[in-house]
Amino acid sequence: MLGVSGDRPMDDTALAQLFQESSRCIAALGTTSCGLIRKIAEEIILGFAAGCKVLLLGNGGSASQAQHFAAELVNRYRYDRCALPAIALTTDTSVLTSISNDAAFTEVFARQIAALGKPGDIAWGLSTSGTSPNLLRAFETARRMGLRTISFTGPPGNDLARLSDVALTVDAHHTGRIQEVHLCAGHAVCELVETHYRTQKPISI
């Protein structure tokens, strides 16, 4: 039997509880966050309409999700429609290592925003803790430059949420559960944005 640590096996009951916990966290989106997710989609739609772009950032698993959501916007999520301008700031190893080596890892996203961002662009940051120094520095830079800031974070009251124009917080303390909610919410945002471009009908908040 597979175990999760040492000699303590994870039996079917424990495994089922894991899935139930994940389901509860995701289901909470439907009762607490539908309006917020629509607002995030509306921010992105308005930004695109103004000729602006989305810059996505995160660390570790959140970096993967930043790249995932950028791909959904640039290419497609479910339907054929126009390409949409989104860039994940987590992909260029030469830029990432140059900034980290010559300045500091805390500057790795802020420097890219300074180079690529313009007023009206959207910085979309993902952090399960909401305290990652490089994201906080990036959002400070983004706000100073006139970018809009959207965050997906963990429990409410964190520093990244406070630096955000719109923040989706997840009241959970397990990194995996928070990331699962971020994935579901991000897909919902992408579908709302895509539906707008597929139908050209405004989304009411």
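The numbering used here numbers the first residue of the sequence shown as 443 and each following residue consecutively. We put the CB at the ideal spot given by N, CA and C, even for glycine.
Per-residue DSSP class, three states only, for residue i
| i | result |
| --- | --- |
| Ala545 | coil |
| Ala614 | coil |
| Gly472 | helix |
| Arg579 | helix |
| Met443 | Unreliable placement is indicated for Met443, whose pLDDT of 43 sits below 50; the coordinate value is still reported in the next sentence. DSSP places Met443 in coil when its eight states are reduced to three. |
| Leu515 | helix |
| Val635 | helix |
| Val608 | strand |
Neighbour-count burial assignment, residue i, 16 or more Cβ in a 10 Å radius
| i | result |
| --- | --- |
| Asp563 | buried |
| Glu636 | buried |
Beta-carbon contacts of residue i that lie in its chain and below 6 Å, excluding the five residues immediately before and after
| i | result |
| --- | --- |
| Arg640 | Tyr521 and Arg523 |
| Gln554 | Leu531 |
| Ala545 | none |
Presumed contact (8 Å Cβ cut-off) between residue i and residue j, rounded CB distance
| i | j | result |
| --- | --- | --- |
| Gly500 | Ala508 | 4 Å |
| Val608 | Glu514 | About 18 Å separates the two Cβ atoms, so there is no contact after all. |
| Ala528 | Val496 | 4 Å |
Sequence-distant residues of the same chain with beta carbon closer than 7 Å to residue i, five excluded per side
| i | result |
| --- | --- |
| Leu578 | Asp601, Leu602 and Leu605 |
Practice prompt. Determine, using beta-carbon pairs with one atom in the region 603-622 and one in the region 570-580, whether at least three such pairs fall under 8 Å.
Written response: yes
May I ask you to verify whether the region 619-636 touches the region 463-477, counting CB pairs closer than 8 Å and requiring at least 3?
yes
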